[in-house]
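**Q**
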Amino acid sequence: MKGPFADFPLEYKKKLVILWKRANNADREHFINQVTYALATWGFDKVGKEIVAIVIEKMLEDGSTNLSDFGLYVKQLIKEGLTDVYSNRSESIKKAAMLIDSYRFKHELPLSPSKGL
Numbered sequence: 237m238k239g240p241f242a243d244f245p246l247e248y249k250k251k252l253v254i255l256w257k258r259a260n261n262a263d264r265e266h267f268i269n270q271v272t273y274a275l276a277t278w279g280f281d282k283v284g285k286e287i288v289a290i291v292i293e294k295m296l297e298d299g300s301t302n303l304s305d306f307g308l309y310v311k312q313l314i315k316e317g318l319t320d321v322y323s324n325r326s327e328s329i330k331k332a333a334m335l336i337d338s339y340r341f342k343h344e345l346p347l348s349p350s351k352g353l
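Numbering-wise (our numbering), the sequence shown opens with residue 237 and increments by one.
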């Protein structure tokens with residue numbers, strides 16, 4: 237059985253491991269919490285996990301250096317048509333973005349991605 241990261245480019249897998257190792261505990265927790273909000277809202281199933289992988293891939297592709305940027309990329313992908321591709325989850329993806337935005341605001345997380353190592 238293929239997991240959501242099976243087709244993930246090897247360079248992104250390596251970068252993801254490096255970012256995880258470099259992240260402080262607070263940023264790891266923010267990442268985990270945002271992913272949890274997302275999955276709890278749009279689904280813990282195969283498709284839900286696939287969407288998480290797409291968001292993470294977009295983060296890495298864009299050069300984000302902080303996993304806690306996850307929620308920013310959910311919003312960016314919505315603008316780029318994620319809800320069109322996953323039209324049967326459109327409302328739950330939008331709801332997850334709102335919940336994650338509230339979380340980010342509450343914890344005073346940046347409004348733009350962290351870039352450059």
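Glycine residues also receive a C-beta, built at the ideal position from the N, C-alpha and C atoms.
Restricting to runs no shorter than 4 residues, where is the alpha helix (DSSP H) found entirely within the segment 243-301?
**A** DSSP runs (the alpha helix (DSSP H)) wholly in the segment 243-301: 246-258, 261-278, 282-298.
**Q** From what residue to what residue does the alpha helix (DSSP H) around Leu308 run?
**A** Element bounds for Leu308: 306-315.
**Q** Per the DSSP calculation, Lys351 is bridged to which residue(s)?
**A** Per DSSP, Ser300.
**Q** Under the rule that 16 or more other beta-carbon atoms within 10 Å means buried, what is Glu293, buried or exposed?
**A** Buried, by the Cβ-count rule.
**Q** Measuring from the CB of Leu313, is there a heavy atom of the ligand HEM at a distance below 7 Å?
**A** Among the components of this structure there are no ligands whatsoever, and the ligand HEM is therefore not found.
**Q** Can you check whether the CB of Val283 is closer than 8 Å to the CB of Phe306?
**A** No.
**Q** Is the separation between the beta-carbon of Ala274 and that of Val288 shorter than 8 Å?
**A** Yes, they are a contact pair.
**Q** Rounded to whole angstroms, what's the CA-CA distance from Phe244 to Lys238? Just pull it up for me.
**A** If I take the Cα positions, the gap works out to 11 Å.
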